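Note that our numbering numbers the sequence shown so that position 201 is 203, with each residue one more than the last. Beta carbons: idealized from backbone N, C-alpha and C, even for Gly. Quick caveat, the model's predicted, so the values are computed rather than measured. The block underneath contains the structure these notes are about, expressed in structure tokens.
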Amino acid sequence: MDIFCSEGDSNLNTMVPTAGHMIGDSNRTCNPALYSESVVIWASAVQCFIAVPTFVGNFLVMYSVAKIRRLRTVTNYFVFSLAAADFLVALNVPFYDTFYFVGQLACDKTLCLLRYWFANFTQVCSALSLVGVSADRYVAIVHGISYNRIVTFKLASRYITFVWVFVFLYSILPFVGVGDDHDYPYDSNPVVCDLFYVYSTAYILTTSGMVLVMAAINLVLYVLIFHAAWKQLRLVTSGEDASLRLRQEARTACTMAMVLAVCVLGYVPYFVLVALCFVTDDRTLLTLHVKPSVICLYFGKSALNPVIYGWRAKDFRSAFRQVMLKRDVNHLGAK
């Protein structure tokens, strides 16, 4: 998945230009690159292999939260939002991989923008959804008595709606001429539908900075969460109701911290490498040695989140089992 650096920059030996295609201006010719067979097989196989569990796992999460009453908590509203973003990642794989097999698609700027719109849209939605989870867990641990008054379903719904609407509007800016490379696809030969060429430097650095700031906010919140939980557990007596509640909230926080760690491991290297590709003149080393591992992390985090829920959260584990065995989810939700 050539998201980070231009293959035309460092792997021209693996591509050859195909016959030129006239687009728009009759005096300008687009020569799409043709990936080598080994690149096509390796990239598409890995991406499709990861996409299947990503699709199934995140569908299970969304279906369970929507159908099972006891999973409809404020925290799980944010989990649903995160799962929806990961679900879109899986849906994008077939379209993304089509560019490997049909090189002429690179000559269509709108299609190339759409190819990367999914990555941009889903990652920022994931980052902001995780901020919602972190804030939810912070209030639950630090202001436990006031939690139900502060964090309401209405507030969570409004925040999630804002996130998806804001990110959608931000991510479509390049389609209306803001943040795109105005000269694509004529500024490279052969032409590769690549993030580095189709977006402007300012737009990508802004997006990368936004996600990295969200990651930093999440990390700070979880440091505060676990520090507060540790202090409170020292003050309460084991077996007290307050102690049991706090331990349960802390366990939920640990679960979501694992999800955060996986997401950070997946998208921070992704955006750091994107940023480096824009500010460095030597992209060969990054492309050849770092890029494949970063790609696996980027896709893998979307597949791992449902595994974490099933492993750490008893309610989700039970719900997954009931859904897969086609048992009465309404009966499960009533328990």
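For residue i: DSSP bridge partner residues
| i | result |
| --- | --- |
| D182 | Y201 |
| V48 | Beta-bridge pairing links V48 to no other residue. |
Proximity below 9 Å, CB of residue i to CB of residue j
| i | j | result |
| --- | --- | --- |
| F318 | V63 | yes |
| V215 | V169 | no |
| A142 | T77 | yes |
| K303 | L267 | yes |
| G146 | E251 | yes |
| V144 | F301 | no |
| F155 | Y79 | yes |
Whole-number beta carbon distance between residue j and residue i, since they are thought to touch under 8 Å
| i | j | result |
| --- | --- | --- |
| I56 | D88 | The sequence given here has Thr at residue 56, not Ile. T56 to D88, Cβ: 6 Å. Contact. |
| S46 | Y102 | 6 Å |
| S202 | G181 | 5 Å |
| V261 | I310 | 6 Å |
| C114 | C32 | No, C114 and C32 are not in contact; Cβ-Cβ is about 11 Å, not under 8 Å. |
| A321 | I52 | Actually they do not touch by this definition, with Cβ atoms about 23 Å apart. |
| P34 | A108 | 4 Å |
Rounded straight-line distance, which links the Cα of residue j to that of residue i
| i | j | result |
| --- | --- | --- |
| Y98 | R236 | 51 Å |
| R323 | T209 | 38 Å |
| V95 | W119 | 12 Å |
| F273 | I297 | 11 Å |
| V131 | V81 | Correcting the residue identity first, residue 131 is Ser in this sequence and not Val. Distance between the alpha carbons of S131 and V81: 8 Å. |
| L84 | M212 | 17 Å |
| L221 | S136 | 9 Å |
| L223 | V153 | 16 Å |
| V42 | C50 | 12 Å |
| A255 | E39 | 45 Å |
| S159 | F61 | 20 Å |
| N150 | Y140 | 13 Å |
| L306 | V264 | 8 Å |
| S148 | L327 | 39 Å |
| Y269 | L197 | 15 Å |
| Y161 | D110 | 35 Å |
| A68 | A217 | 27 Å |
| A315 | T257 | 8 Å |
Under the three-state DSSP convention, the category residue i falls into
| i | result |
| --- | --- |
| C195 | coil |
| I143 | helix |
| L107 | helix |
| L157 | helix |
| K328 | coil |
| R74 | coil |
| A121 | helix |
| A86 | helix |
| I206 | helix |
| A231 | helix |
| I174 | coil |
| T56 | helix |
| A315 | coil |
| T112 | helix |
| T257 | helix |
| T282 | coil |
| L290 | Interpretation of L290 is limited by its pLDDT of 49, a score under 50 that renders its predicted location unreliable; the figure taken from the coordinates is listed afterwards. It is helical. |
beta-carbon residue i near the ligand ZN non-hydrogen atom, thresh 8 Å
| i | result |
| --- | --- |
| S83 | Although the ligand ZN was asked about, the structure shown includes no ligands whatsoever. |
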